Amino acid sequence: MTKSVYSIRISEETKKMMESIDLNWQEELRKIVENKVKEEYKKRLLNRAKGLREKMRTSITAAELIREDRDER
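Below, the structure is given as structure tokens:
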């Protein structure tokens, strides 16, 4: 998998505070971004699915369809 660089600007104060904490910030930020992207992607898919479901919705219930089918026998 190829990787791309994405840079952000943070305040000097924040940068100094980050440097004082022994943590792999590159890896931590990568995980946060990846998780957020996945979360937002899932939300988008869910909204699309809900929209499609609404378009498919009919005024006839499943019970009515079953009753109609049984009555035709």
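Under my numbering, the first residue of the sequence shown is numbered 1, with each subsequent residue one higher.
A virtual CB, placed ideally from N, CA and C, is assigned to each residue, including glycine.
As the structure is a prediction and not an experimental result, all values here were calculated from the model.
Alpha helix (DSSP H) segment containing residue 17, residue limits:
12-20
Nearest CA to the CA of residue 80: which residue from 39, 25 and 4?
Residue 80 is absent from the structure shown; the chain starts at 1 and stops at 73.
Please report the distance separating the alpha-carbon of residue 63 from that of residue 10.
59 Å
To the nearest angstrom, how far is the alpha carbon of residue 36 from that of residue 56?
30 Å
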